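What follows is a short report on a single structure.
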Amino acid sequence: MSDPMEPSTSKSDPNPIIGPITLLHPRREPFEHGLLPIQKLIFTDPLQALIPLKQKLASSSSTHRVDSDALADALQISSEHARLILDTLASVLHSEPDPLVNAHPDDVGSVGSDLRDLILFLYIQSYKRLLPRSHKDSAAVADVWPSTSAFDGYLSALSPLQADEEAHQLSYLQKHLANIISLLSEPVEGEGEESLVLTMEGFEHLGFLIQFGDKGSEGIPLSQAAPFFANSDPDMPAVPIPASQVLDWLLENIASSLEHITDKISAKENGPQGGSDQDVAMADASSSSVRASPSARNCCFIEGVSKSSYVKQASDLKHSSVKVINCHDSVIYILAPLRYATIYGCSDATIVLGAVGKAVRVEHCERVHVIIAAKRVCIANCRECLFFLGVNQRPLVVGDNHKLQVAPYNTFYSQLEEHMTEVGIQATMNRWDEPLALGAVDPHDSLSHPAGVSDAQAESAAQLDPDQFTNFLIPNWFEGESAGSTKDNPFPLPDAYLKSQLRNQKNLSEIKQILREAPLEENRKRELSCALHVYFKDWLYGNPLSLLPVIYVSYTVYKVIETLRLDGMIRQVYGFNSFSSPLPDGRVISVGGQETS
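1 is the number of the first residue of the sequence shown in our numbering; add one for each residue after it.
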């Protein structure tokens with residue numbers, strides 16, 4: 001039997017159609033992190049709009065790279081939006097060696113992008129996202145989601161399935177692939193479809209949108225997956241291939257992948273529940289479904305955490321991307337170097353992300369505190385959320401947002417600086433206070449919107465009052481297992497926030513000193529310990545007004561003092577020695593105590 005991976009070499013068949021060598025996948029990143037709600041980028045007919053644009057940009061540059069000035073002129077947009085396009089493109093490019101990916105943040109505009117990558121990026125701005133499915137455990141979501149939310153009837157339904165999204169993206173590519181290939185092809189003498197050919201270099205740029213294999217950016221190089229380029233001599237330029245042949249081969253692969261996904265979805269919906277999921281059992285105070293599922297496509301899903309503390313370190317993650325979905329009333333720590341992260345449909349939670357080197361998207365969240373060290377962050381359709389940011393690019397605010405606040409980064413863990421260096425985040429550049437608000441209506445969703453609102457600007461984010469700023473303390477649960485050199489917040493604080501921080505620390509020290517020096521009878525020690533236990537659990541599991549530990553400590557001390565002043569006594573604080581929190585693997589961490597089994 002012949003090997004199906006080997007291309008046909010028959011001279012009598014100069015235009016063979018080769019069977020799929022492995023499953024083709026769409027690259028998630030451009031569709032999830034690369035869409036911008038800028039009306040001038042949304043083309044009714046992308047092909048007809050981009051052909052003259054490509055010609056104009058190609059004639060103006062001998063290097064086939066497009067800087068921000070040329071882009072602004074060609075699209076008739078502001079230099080600010082042109083720079084945003086290049087920043088966004090850099091965050092989702094498939095080619096790590098590209099100069100745009102490795103450019104210093106101040107040089108992105110002058111370095112510019114490859115023309116072919118830019119054309120593909122502009123083409124997919126016409127993509128419409130998949131409408132979310134109803135959550136598979138709607139009763140659990142309804143139990144934790146606030147009934148007075150402005151997003152009622154929509155947020156509670158959010159639970160996009162990866163297979164559905166992948167099928168939707170593949171269907172989009174299937175519909176538009178002929179146009180996309182024609183934009184990458186070059187004309188030659190001849191007539192009809194055979195007048196366009198695709199070089200190996202042009203073919204490689206399709207890697208911006210598709211990939212073979214199941215290891216994300218580490219998958220099979222596109223030219224090696226294709227039978228017509230796989231055995232090319234590296235010392236000799238590959239012969240260009242008719243565009244029609246490339247199109248037929250890719251369409252065959254897409255059809256095969258869609259069939260595979262359809263079978264997979266059908267089997268999952270009709271088969272026994274939980275039979276094939278690689279789920280990890282998690283402690284859950286509300287007994288609702290909690291999933292930590294490693295995806296075959298380079299992404300870890302953390303879904304359905306409710307009223308719990310959840311910890312993931314670098315050693316726990318085998319993938320470079322994380323999605324936190326439908327988590328409520330919880331504290332979630334993901335202390336690892338990542339490429340991409342998505343926080344979706346969460347409420348009343350505190351979420352700490354380690355170092356994210358490409359992009360973070362926070363979408364459809366309510367009353368969530370997010371602490372992020374990242375290259376860039378996009379905030380979409382959120383309400384009453386607070387973001388503590390260490391970001392090298394301007395935070396992007398899009399969609400229907402209400403009462404958002406931003407503040408400088410406010411925490412650290414021992415390996416933070418090591419992780420930041422690994423993914424390329426610069427602590428000396430923090431643009432947390434420069435949010436950029438774009439359209440209030442996302443042209444990429446599949447929802448209908450009232451006429452005349454497409455040009456409305458999103459509500460931006462306000463800066464947190466420095467008097468309300470304080471540090472977030474991450475417990476050192478695994479001391480000795482993952483020692484690092486970071487001893488403090490690596491991002492310098494603005495003067496107003498630094499003064500506030502020092503003032504809070506001084507006040508707290510004075511209160512602790514007063515309490516430490518106060519005599520206390522044994523029965524009162526127990527009474528105070530119980531009071532602290534109650535307040536701490538109130539903070540951890542459901543008090544959205546005191547989600548920061550130091551604020552909580554000051555608040556608790558104040559409440560305890562006021563309570564015990566009734567009998568004329570001031571009581572001593574001994575700490576949270578009775579509180580414990582479950583870890584994902586079943587171990588229990590005691591705050592102020594030792595790890596137990």
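For every residue, glycine included, the Cβ atom is placed at its ideal position computed from N, Cα and C.
The structure displayed is predicted, hence computed values, not measured ones.
Please work out which residues of its chain come closer than 6 Å, Cβ to Cβ, to residue i, disregarding the five sequence neighbours upstream and downstream, and give them in chain order.
| i | result |
| --- | --- |
| T262 | none |
| A462 | Q405 |
| G207 | H94 and L222 |
| I379 | V362 and V397 |
| K525 | none |
Rounded C-beta distance between residue i and residue j? I'm assuming under 8 Å.
| i | j | result |
| --- | --- | --- |
| P490 | A427 | 4 Å |
| G112 | L84 | So it is not a contact: roughly 14 Å between Cβ atoms. |
| C299 | V331 | In fact, because the Cβ distance is near 22 Å, the residues do not count as touching under 8 Å. |
| I302 | A373 | That belief does not hold up - the Cβ atoms of I302 and A373 are roughly 18 Å apart, past 8 Å. |
| F469 | Q501 | 6 Å |
| I77 | P443 | With 8 Å as the limit, I77 and P443 do not qualify as a contact, their Cβ atoms being about 15 Å apart. |
| Y344 | E363 | 5 Å |
| V391 | R431 | 6 Å |
| S309 | L23 | So it is not a contact: roughly 37 Å between Cβ atoms. |
| A49 | S61 | Rounded, the Cβ-Cβ distance is 19 Å, inconsistent with contact. |
| A74 | L100 | Not confirmed; about 17 Å, so no contact. |
Here's the rule: buried if 16 or more other CB atoms are within 10 angstroms of the residue's CB, otherwise exposed. What is residue i?
| i | result |
| --- | --- |
| E39 | Sequence check: residue 39 is Gln here, not Glu. That one is exposed. |
| Q415 | buried |
| C530 | exposed |
| T148 | Because the pLDDT at T148 is just 43, under 50, the model does not fix this residue reliably, and the value given afterwards should be weighed accordingly. T148 should be labelled exposed. |
| P240 | buried |
| K375 | buried |
| H104 | exposed |
| K312 | buried |
| A243 | buried |
| D167 | This sequence places Ala at residue 167; Asp is not what is there. With 16 or more Cβ atoms within 10 Å of its Cβ, A167 is classed as buried. |
| Q393 | buried |
| A359 | buried |
| Q245 | buried |
| R339 | buried |
| Q169 | buried |
| E366 | buried |
| H402 | exposed |
| S467 | For clarity, residue 467 is Asp in the given sequence; the question names Ser instead. The residue in question, D467, is exposed, as its Cβ has fewer than 16 Cβ neighbours within 10 Å. |
| P37 | buried |
| A267 | exposed |
| N523 | exposed |
Got a sec? Which residues, its chain only, sit under 8 Å from residue i by beta carbon, not counting five neighbours each side?
| i | result |
| --- | --- |
| E417 | A427, G484, S485, T486 and P490 |
| N179 | P46, L47 and Y123 |
| L209 | P26, R27, P30, L120, I124, L173 and I180 |
| I474 | Y333, L335, V352, T411, F412 and Y413 |
| A255 | Q174 |
| D433 | V406, P408, Q463 and P494 |
| A58 | H64 and L115 |
| S185 | L196, V197, L198, G202 and A243 |
I need the DSSP call for residue i, collapsed to helix, strand or coil.
| i | result |
| --- | --- |
| R503 | helix |
| F469 | coil |
| S330 | coil |
| P16 | Note that P16 has pLDDT 43, beneath the 50 cutoff, so the model's placement of it is unreliable and the number below is only indicative. Three-state result, P16: coil. |
| S306 | strand |
| I343 | strand |
| V246 | helix |
| Q55 | helix |
| S113 | strand |
| F228 | coil |
| A103 | coil |
| F598 | As shown, the chain starts at 1 and ends at 597. That puts residue 598 outside it, with no answer to give. |
| T262 | helix |
| L41 | helix |
| L118 | helix |
| K372 | Checking the sequence shown, residue 372 turns out to be Ile, not Lys. I372: strand per DSSP, three-state reduction. |
| S485 | coil |
| H319 | coil |
Relative to the ligand GDP, is the shortest distance from any of its heavy atoms to the C-beta of residue i smaller than 7 Å?
| i | result |
| --- | --- |
| T428 | As presented, the structure is devoid of all ligands, the ligand GDP included, so that no description of it is given. |
Which residues in the same chain have their Cβ closer than 7 Å to the Cβ of residue i, if we skip the five residues on either side of it in sequence?
| i | result |
| --- | --- |
| L250 | L177 |
| L35 | Q125, Y127 and H444 |
| D567 | Per-residue confidence for D567 stands at a pLDDT of 35, beneath the threshold of 50, marking its modelled position as unreliable; no derived number is given. |
| D91 | Rather than Asp, the amino acid found at residue 91 in this sequence is Ser. Here the set comprises H33, K358, A359, K375 and R376. |
| A458 | V397, V398, G399, N401, A437, L438, G439 and A440 |
| V66 | L57, G112, S113, L115 and L118 |
| S110 | D67 |
Within the 8 Å Cβ cut-off, does residue i reach chain B?
| i | result |
| --- | --- |
| D465 | Looking for chain B here will not work: only one protein chain is present. |
Next item on the list: Entirely within the stretch 394–422 and at least 3 residues each: give me those beta strand (DSSP E) ranges in chain order.
Entry: 396–398 and 405–408
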